[in-house]
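One gets the working numbering by counting positions in the sequence shown from 1 and adding 470 to each. Cβ atoms here follow ideal geometry from the backbone N, Cα and C, with glycine treated the same way. Quick caveat: nothing in here was measured; it's all calculated off a predicted structure.
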Amino acid sequence: MSDELRKQIVLWLNKEMWNVDVEVSSHNLNAYGKALLICIARNGVIPQEQRNWVTGYLASMGAPEELSHELSTYETTGKDLKEVISSSPAANQTRTALIYDAMKAWSVDDGNYKDYKPLIDKLANQLGISISTIKQIEGIYQEEKALKQKKLEVLLPKTVPDYSK
């Protein structure tokens with residue numbers, strides 16, 4: 471894939487997902503990606519499917535291949551979340567998005583992040599996010615999940631076409 475096409479894809483996705491008109495810098499993606507991995511780790515363990523979600527998500531936002539490789543083996547044990555997220559002013563301003571993205575990553579295997587509720591509360595406390603904001607984030611996540619299901623039922627009511635042919 472050419473660099474120009476990659477840039478076009480990244481800019482389109484960033485605008486679509488976050489209303490951002492620029493490519494996110496590698497420095498910001500590095501801090502955000504590592505912070506997200508720290509968030510989703512349970513006792514230092516990250517299921518591979520969740521780690522793959524994080525690396526794919528960051529790749530879609532423009533993370534270079536080297537960062538994807540680094541995140542695929544990034545060890546979270548002993549890492550300080552506040553220190554990592556604070557290493558990037560831009561990433562630091564997206565603490566609430568970090569919780570939202572953690573919910574999405576936790577949900578990749580069974581669609582349910584609720585097993586991680588105690589961890590969400592701990593993260594909210596660490597990041598200085600109020601419980602009322604956490605409830606709003608959870609509401610947004612649930613509404614989007616329901617809307618996605620409804621959209622698929624209306625737009626693809628019978629089956630998903632085989633797009634590979």
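With fewer than three CB-CB distances shorter than 8 Å, the segment 473 to 486 does not count as touching the segment 508 to 520.
In this model, Asn500 and Ala529 are separated by some 11 Å (Cα to Cα). Rounded to whole angstroms, Ile590 and Trp482 show a C-alpha spacing of 30 Å. Collapsing the DSSP output to three states places Val624 in a helix.
Distance from the CA of Lys574 to the CA of Val624, rounded to the nearest whole angstrom, comes to 23 Å. CA-CA distance, Ser577 to Ser472, rounds to 32 Å. The Cβ atoms of Ile510 and Tyr633 do not sit closer than 9 Å to each other.
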